[in-house]
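Written below as structure tokens is the structure these notes are about.
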Amino acid sequence: MAPVLRTEGLTVRFGGLTALDSVDFEIRRGEIRAIIGPNGAGKSTFFNCLTGVLRPTAGRILFNGENIAGLPSNLISQKGIARSYQITNILPNATTLENVRIAAQSRRHSWSMLRHHSAYLDIIEKAEAVLEAVGLRAKADELAANLSHGEQRNLEIGIALATEPELLCLDEPTAGMSAAETHDTMELVRRIAKDLTILIVEHDMQVVMALAQRITVLHYGDVLAEGTPAEIQRNPRVLEVYLKT
Ligand SMILES: Nc1ncnc2c1ncn2[C@@H]1O[C@H](COP(=O)(O)OP(=O)(O)O)[C@@H](O)[C@H]1O
Ligand SMILES: [Mg+2]
0 MAPVLRTEGL
10 TVRFGGLTAL
20 DSVDFEIRRG
30 EIRAIIGPNG
40 AGKSTFFNCL
50 TGVLRPTAGR
60 ILFNGENIAG
70 LPSNLISQKG
80 IARSYQITNI
90 LPNATTLENV
100 RIAAQSRRHS
110 WSMLRHHSAY
120 LDIIEKAEAV
130 LEAVGLRAKA
140 DELAANLSHG
150 EQRNLEIGIA
160 LATEPELLCL
170 DEPTAGMSAA
180 ETHDTMELVR
190 RIAKDLTILI
200 VEHDMQVVMA
210 LAQRITVLHY
220 GDVLAEGTPA
230 EIQRNPRVLE
240 VYLKT
């Protein structure tokens, strides 16, 4: 099966520093893939390229076969790549439901269409389904500012989901969470993974090993290793990099 996303020679230079060095990467549709690597390895830079935050210096990013490298982020979002940032997307003074509804609207309907009552109801229905999926249905009418840290992180995922992505990029989804919240978020990711492809940058190795089908290890902008969690755990080069840092 053709990969949903593939990079060819993806390169990013910041002056004299090569943050990504000709990265060739592929992810199958429906896969949960983790990207790991020490600080400065290029993980965020990789996400920034995929989501149009950063224009690569060289290389191609093929999403469903189309080169999206250098396209603006709103266009990439419309094509079906979403990313959950760390809370920055949340409107604190809107309710949980409104946060998701606004995201759903941005993808699905032009403002003029919303004059039609049925289109509006459609969006509310979609927003409610998303809240259900991220476990926030009971908090629909709560102001986002009043949610706990863990709930806000899950709302971030909901906002990304509401744009109906094919590929969802999660940047440290469990950062700052308690053990119980981490467990819930892992369940959440597994649940939503049924209909999507998920790319996840995560520091918590237990989360990575439990969630990912395959793992890509970045090191100084290079792909150091790629494989199943079991393969990565016994890869001598990976062990060396992690033991050294
Ligand atoms: N906007 C930028 N300008 C200059 N250097 C950057 C910029 N963004 C990242 N870098 C550098 O690129 C390298 C990779 O960074 P990053 O992708 O953030 O790594 P990671 O997310 O794996 O910790 C680091 O050396 C970092 O200092
Ligand atoms: Mg980073």
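Numbers 0 to 244, taken from numbering that gives the first Met the number 0, label the letters of the sequence shown in order. All residues carry an ideal CB built from backbone N, CA and C; glycine is no exception.
| Asked | Found |
| --- | --- |
| Ligand 1 and K138: does the residue's C-beta get closer than 7 Å to at least one heavy atom of that ligand? | no |
| Could you check whether the Cβ of K125 sits closer than 7 Å to any heavy atom belonging to ligand 2? | no |
| What is the residue span of the alpha helix (DSSP H) that E186 lies within? | 178-191 |
| Rounded to whole angstroms, what is the Cα-Cα separation between P228 and R213? | 6 Å |
| List the endpoints of the continuous alpha helix (DSSP H) containing G157. | 148-160 |
| Between which two residues does the beta strand (DSSP E) holding V22 run? | 16-26 |
| What does the alpha-carbon distance come out to for the pair L217 and E97? | 37 Å |
| To the nearest angstrom, how far is the alpha carbon of I199 from that of L135? | 21 Å |
| Would E201 be called buried (16 or more neighbouring beta carbons within 10 Å of its own) or exposed? | buried |
| Kindly indicate which three-state DSSP category I231 falls into: helix, strand or coil? | helix |
| Can at least three beta-carbon pairs, one atom from the stretch 54-69 and one from the stretch 1-12, be found at a separation below 8 Å? | yes |
| What residues sit near ligand 1, counting only those whose C-beta is closer than 6 Å to one of its heavy atoms, in chain order? | F13, L16, A18, G36, N38, G39, A40, G41, K42, S43, T44 |
| Count the other C-beta atoms from every protein chain shown that fall within 10 angstroms of the C-beta of M176, then say buried if there are 16 or more, exposed otherwise. | buried |
| If you measure between the beta carbons of P91 and L142, is that distance less than 8 Å? | yes |
| Among residues of its own chain, excluding the 5 on either side of A1, which ones have a beta-carbon nearer than 6 Å to its beta-carbon? | none |
| Go to A139, then tell me how far its beta strand (DSSP E) extends in each direction, as first and last residue. | No beta strand (DSSP E) holds A139; DSSP gives it neither H nor E. |
| Determine the extent of the alpha helix (DSSP H) in which L198 is found, giving its start and end residues. | Counting along the chain, L198 falls outside any alpha helix (DSSP H), though it belongs to the beta strand (DSSP E) covering 196-200. |
| Could you check the C-alpha separation between E155 and E163 for me, to the nearest Å? | 14 Å |
| As a quick exercise: from E150, G51, P55, V99, pick the residue whose alpha carbon is nearest that of G79. | G51 |
| With the cut-off set at 8 Å, would you say A161 and K125 are in Cβ contact? | yes |
| When you compare each of L166, N234, L120 to Q77 by their alpha carbons, which one comes out closest? | L166 |
| By how many angstroms is the C-alpha of N145 removed from the C-alpha of T215? | 36 Å |
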